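In structure tokens, the structure reads:
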């Protein structure tokens with residue numbers, strides 16, 4: 324990993340989701356999925372999260388809404404924790420999920436509230 328976007332992505336992902344989780348994903352990568360890891364680091368984290376046009380809390384809120392609406396609880400868990408690390412409050416996350424309920428439906432929001440509550444409880448420990 325020598326290119327600038329890759330290194331920027333690695334740094335930002337570590338700051339948002341935590342160094343340990345980010346590095347674990349890289350260390351667990353195989354020849355099969357390493358290209359995906361590098362693509363995500365380069366473009367998701369380096370290019371998009373690295374842009375200064377939106378703040379990290381704003382990006383976190385957008386991700387929470389999209390992941391909740393798509394019903395992606397594993398990624399949602401990571402991004403709720405990241406949002407808290409980015410300064411998004413539990414009340415703001417609650418409001419995002421209430422809006423998800425209206426626009427994406429009760430089942431999607433119900434699952435998202437469950438995931439967020441679990442993350443909040445884990446963060447207390």
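Numbering (the working numbering), first residue to last: 324 to 448. Glycine included, every Cβ here is placed at the ideal spot set by N, Cα and C. From a predicted model like this one, the values you see are computed outputs, not experimental measurements.
Of the listed residues the options, nearest to residue i (C-alpha basis)
i           : options               : result
residue 358 : 337, 381, 329 and 390 : 329
residue 423 : 442, 399, 409 and 344 : 399
residue 388 : 409, 425 and 360      : 425
residue 327 : 446, 364, 404 and 430 : 364
residue 442 : 416, 431 and 421      : 416
residue 404 : 344, 430 and 428      : 344
residue 402 : 414, 421 and 380      : 380
residue 375 : 331, 337, 440 and 350 : 331
residue 396 : 350, 431 and 340      : 431
residue 385 : 420, 341 and 348      : 420
residue 393 : 361, 370 and 433      : 433
residue 366 : 412, 354, 336 and 349 : 336
residue 411 : 346, 439 and 428      : 439
First through last residue of the alpha helix (DSSP H) which encompasses residue i
i           : result
residue 426 : 413-427
residue 405 : 396-408
residue 338 : 327-340
residue 353 : From DSSP, residue 353 is part of no alpha helix (DSSP H); its letter is neither H nor E.
residue 379 : 379-393
For residue j and residue i, believed in contact at Cβ under 8 Å, the rounded distance
i           : j           : result
residue 382 : residue 368 : Not really, about 10 Å apart at Cβ, beyond 8 Å.
residue 407 : residue 446 : 6 Å
residue 435 : residue 391 : 4 Å
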